[in-house]
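Heads up: the sequence shown begins at 17 in the numbering used here, then just goes up one per residue.
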Amino acid sequence: MSEVTKNDTKKANAAAQAWLLQQPGSAKGLHIGTIIFGGLNGALFILQAWSLASLLQAMVIDSMAFADVSHYLWFVLAAAVGRALCLYLKETLGFKAGEQIRAELRRDLLAKMDAMGPAHIARYSSGHWTTVLIEQIEDVQDYYAKYRPQMMIAAVIALSILIAVFPLNWIAGLILLGTLPLIPLFMWIVGQGAADANRRNFKALGQLSGHFLDRLKGLATIKLFNQQESQTRAIANASEEFRSRTMSVLKLAFLSSAVLEFFSAISIALMAVYFGFSYLDHLNFGHYGLGVSLFTGLFCLMLAPEFYQPLRDMGAFYHARAQAIAAADSLRSIGDDTVSMDKAEVNSKPSQYLVEANDLVVLASDGTELVGPISFSIKPGEKLALIGPSGSGKTSIMNALLGFLPYKGELKISGQEVAQALENRQLYSQLTWLGQEPKLLPTTVAANLRLGDANASEQALMAALDTVNGREFVEDLQQSIGEQEAGVSVGQAQRLALARAMLKPAPLVLLDEPTASLDSHNTQLVNNAIKTWVEDKTCLMITHKLPTQIQFNQIIELNGQQQEALCAN
């Protein structure tokens, strides 16, 4: 890996970690509770070890009767019950913290997607967004539920045990203190490439998800062109790539655990050897001149594994940190490649025009100029048609009006910039839209129509259906529509979509080639219905072929970057 790539990776990891640290938000209280109960669990274990060591010292060395020291046993049992309760509360609060943060991240991501609009979202496959919304957000769960709290818990427990051990035997304390930095150091060395490996793994998963979903959608085409074997091999190759990268991540995770186990085992063995030789009188230091009692040896040896256990747990969760960093690198950058609309020149003032564009340049979400400059204006009640060949920018202008694409120049509806209306959530109350491909929900006809007007009566729904001749195929408003418009033809679906648009009480009608995919019969029905509908409304239509039923006040032809007014008034 080149030095530049390494530096870029380090910067990306640092930015991702900073982003992760900013996210807890309302879950901070749950995090604090997780740390408190984790620390209490460690304190209760110290009490448990002290009670058990005191019990054995009294019975074995001091020859005391069990009845005289039975209270130590009750301490041991009470501490065990308390530890179980603390562990339960720690795990529960940790999970709830992660769950709450995941919910916040999903809400934030969906809000970002809403702001980006369909034009930007369509640049990526459904599999990509599925991976981001589900897998990648799920992969921050263990980071917030386990790794983050465990960092503080490990520090609290280690400090508590050192405070308990040093007054009894400074050699045992030095063994613990001396080996303490080695574990996180080697854990860091081993896990250096873990975040990058997880990042590559997420990329492979996103590619596999998108590849698989795209092939499912195009299954009929694949079969018609006899490409089953080649596409099966392509999916197998993508799956193998994902398997290989997953195994690379697991190798690092297991290696990290092995390093932790090795150092903790060595440290405990050193302490056991020290106490063993001290009991044999071969070593006579570390006990402040008081000798090494059975209590001291048992107490320190019982605390040694617990001293390293939080660090081992943190090591086990280290791969969760790497996963979260890789996920955060993707999540934090969503929407960064989109260009926001210029708010500097936004202003609102009364206008004689319902729609007005001055030196309008429509931009792609990455800032590339798509069409323009173009200027036009539509007075209330007027109809304007934008015509031109494919690629001339008609749909880009429509997407700018809908707030889906950024732009430069002026683009106003009712005297208000589209950018400002979108920001103030006023844009969509002023317009209704009908596109080329009808999208109906898998529910009843009535539910689909009421997307246009939630309060529409059954009489209004039936009137809208009558306008589009919907009674030909709709017997009842509770008639069901299946997934992906199953049960209705393309023409019937478009007529239902038109009826839905007609129900929305908006002064501006935007039509994006509504008859592009229809046969002559449905084209005639749709155009007749549109004529009736837009008689008293302002309308902007983009089309390849002008419908004869509608009288347009203006017709503008787009040809690349040029525009020509073919008809005015």
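All residues carry an ideal CB built from backbone N, CA and C; glycine is no exception.
In summary, ASN415 is buried, with 16 or more beta-carbon neighbours lying within 10 Å of its beta-carbon over all protein chains present.
Residue state for GLY507 is assigned as helix, using DSSP reduced to three classes. For LEU190, the enclosing alpha helix (DSSP H) starts and ends at 186-195.
By the Cβ-count criterion, ILE191 is buried, with 16 or more other Cβ atoms from all chains shown falling within 10 Å of its own Cβ. The beta-carbon separation of VAL148 and LEU347, rounded to 7 Å, stays under the 8 Å limit for a contact. Out of GLU257, VAL434, TYR163 and GLN508, the CA that lies nearest to the CA of LYS455 is found in GLN508. No Cβ-Cβ contact shorter than 9 Å links VAL490 with MET518. For MET287, the three-state secondary structure derived from DSSP is helix. Nearest C-alpha to ALA119 among VAL156, THR108 and VAL85: VAL156.
Counting the other CB atoms within 10 Å of its CB gives VAL378 a total of 16 or more, which places it among the buried residues. For ASN543, the CB contacts under 6 Å within the same chain, skipping 5 residues up- and downstream, are PRO563 and GLN565 in chain order.
The region 223-262 contains no complete beta strand (DSSP E) run of 3 or more residues. Boundaries for ASN544: no beta strand (DSSP E) harbours it, while the alpha helix (DSSP H) harbouring it runs 536-550, taken from the DSSP string. With respect to the 9 Å criterion, LEU276 and ILE199 are classified as neighbours on the basis of their beta carbons.
Assignment of MET557 by DSSP, reduced to helix, strand and coil, places it in the strand class. By the beta-carbon neighbour count (other beta carbons within 10 angstroms, threshold 16), GLY383 is exposed. For LEU400 and PHE568, the gap between their C-alpha atoms comes out near 6 Å.
Cβ neighbours of VAL434 within its own chain (closer than 8 Å, five residues either side excluded): MET357, ALA416, LEU417, GLY419, TYR423, LEU427, LYS428 and LEU443.
Sequence-distant partners of GLN446 (beyond 5 residues in either direction) whose C-beta falls short of 8 Å from its own C-beta, in its chain, are ILE429, SER430, ALA437, ALA522, PRO523 and LEU524. Close CB contacts of GLY54 within its chain, under the 7 Å cut and outside five residues either way in sequence, are with LYS106, PRO165 and ILE169 (chain order). In the DSSP annotation of this structure, the continuous segment of the alpha helix (DSSP H) that includes GLN325 starts and ends at 310-332. Note on PHE291: 16 or more other CB atoms within 10 angstroms of its CB, so buried under the neighbour-count rule. Residue burial is scored here from C-beta neighbours: PRO405 has fewer than 16 other C-beta atoms within 10 angstroms and is therefore classed as exposed.
Proximity of the region 549-559 to the region 388-399 meets the contact definition, three or more beta-carbon pairs being nearer than 8 Å. In the DSSP assignment, TYR444 falls outside any beta strand (DSSP E), carrying neither H nor E.
PRO563 sits in coil when the DSSP states are folded into three classes, being neither helix nor strand. In the displayed model, ALA81 falls within coil according to three-state DSSP, outside both helix and strand. Under DSSP, no beta-bridge partner is assigned to VAL172. Looking at ILE350, ASN185, GLN247 and PHE278, the one whose alpha-carbon comes closest to that of LYS128 is ILE350. From the listed residues SER391, GLY468 and VAL371, the smallest Cα separation to GLN432 is found for VAL371. Listed in chain order, the alpha helix (DSSP H) runs fully inside the region 90-158 are 134-137 and 142-146, counting runs of at least 4 residues. Within 10 angstroms of the beta-carbon of SER381 lie 16 or more other beta-carbons, which makes it buried. With respect to the 9 Å criterion, ILE77 and LEU310 are classified as neighbours on the basis of their beta carbons.
By the criterion of a C-beta distance shorter than 7 Å, SER412 is surrounded in its chain by VAL378, LEU386, VAL387 and LEU421, once the five residues flanking it on both sides are discounted. Around the CB of HIS47, 16 or more other CB atoms lie within 10 Å, so the residue is classed as buried. Scanning ALA515, GLU453 and ALA188 for the CA closest to the CA of ARG466 turns up ALA515.
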